[in-house]
Ligand SMILES: [Fe+2]
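Residue numbers (the working numbering): 46 to 316.
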């Protein structure tokens, strides 16, 4: 499958077709949230969830970060049925104050980041059709909730993602926007972490996709130690498997990276 398409928010942030030099309205809007009409999921939707869940969990016990596995248990995702976001959020909100909020597909990057800064994770509500189990052009609830949301139950990652959102929403130059998109891509979407002596996956693009995960842990990828400067200077491709990924030793490194970037951008703005 393509390595890229579920990760449209980062891609969108990186694209050059928006006018980042324009000053955004001070009170720019959040997207319109959609409530999840749970009764509308049909048998196929629950089947697709069940198939994808079983496929990924068959290897994630050995390949995923323990932080992901613990988070999944904490938010109570179930193998047999599409998650009910009210139930997920009851547990998640009690853990870290994060919530998964329904949106209709694409939302502008700045709105997406602003949601993160408020501990709201914009989540697609649709389930991919059975005919597109392995390939879909846009995110679905499996990528967004199975792939992303378990990490939001971890206090360090939860703080990192909120700070990231605040900084990314405030980006004012193409350079800042590119840096934030790269940081997002190489951590939230495609991040690796060393745990118990082995490199494991935590990025949602890897968690939710067997092909991307196998590539990330396989011989074709150069796995470099995470550093802020290495990441923000590393271009990424959205239309094929990754060639370079970055490994953290602990999620504190992510939090520290955002703090450093925040200080730098403040310094630049004062000059
Ligand atoms: Fe994603």
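A virtual CB, placed ideally from N, CA and C, is assigned to each residue, including glycine.
Item, Value
"For residue 169, the nearest candidate out of 176, 149, 256 (CA to CA)", "149"
"Endpoints, beta strand (DSSP E) assigned at residue 169", "165–169"
"Alpha helix (DSSP H) runs contained entirely in the segment 102–162, provided each spans 4 or more residues", "111–120, 130–141, 154–162"
"Simplified DSSP assignment, three categories, for residue 313", "helix"
"Helix, strand or coil at residue 291 [DSSP, three-state]", "strand"
"Close Cβ partners of residue 47 (< 6 Å) along its chain, the five nearest in sequence each way excluded", "No answer about residue 47 holds up, because its pLDDT of 34 lies below 50 and its placement is not dependable."
"Closest residue to residue 292 among 248, 309, 237 (Cα-Cα distance)", "237"
"Per DSSP, the bridge partner or partners of residue 283", "According to DSSP, residue 283 bridges with nothing at all."
"Separation of residue 123 from residue 107, as counted between CA atoms", "19 Å"
"Nearest candidate by alpha-carbon position, reference residue 207, set 266, 275, 83, 163", "163"
"C-alpha distance - residue 245 paired with residue 228, whole-angstrom precision", "18 Å"
"Cut-off 7 Å between Cβ atoms - residues of its own chain near residue 200, not counting five sequence neighbours on either side", "141"
"Residue nearest to residue 113 in terms of C-alpha spacing, selected from 251, 309, 97, 178", "251"
"Buried/exposed call for residue 109, threshold 16 Cβ in 10 Å", "buried"
"Min CB distance residue 132 to chain D below 8 Å", "Reference to chain D is not applicable here, since this structure consists of a single protein chain."
"Identity of the residue in 295, 210, 94 nearest residue 241 by Cα", "295"
"Coarse secondary structure for residue 178, derived from DSSP in three states", "coil"
"Spatial distance of residue 176 from residue 255 (CA atoms)", "17 Å"
"Opposing strand residues paired with residue 241 [DSSP bridges]", "BP columns for residue 241 are empty, so no partner."
"Straight-line Cα distance separating residue 118 from residue 94", "17 Å"
"Boundaries of the alpha helix (DSSP H) in which residue 200 is found, first to last residue", "200–214"
"Meets three-Cβ-pair contact criterion under 8 Å: the segment 128–144 and the segment 209–218", "no"
"Straight-line gap, residue 315 to residue 83 (C-alpha atoms, nearest Å)", "49 Å"
"Whole-Å CB distance - residue 195 paired with residue 116, under 8 Å assumed", "3 Å"
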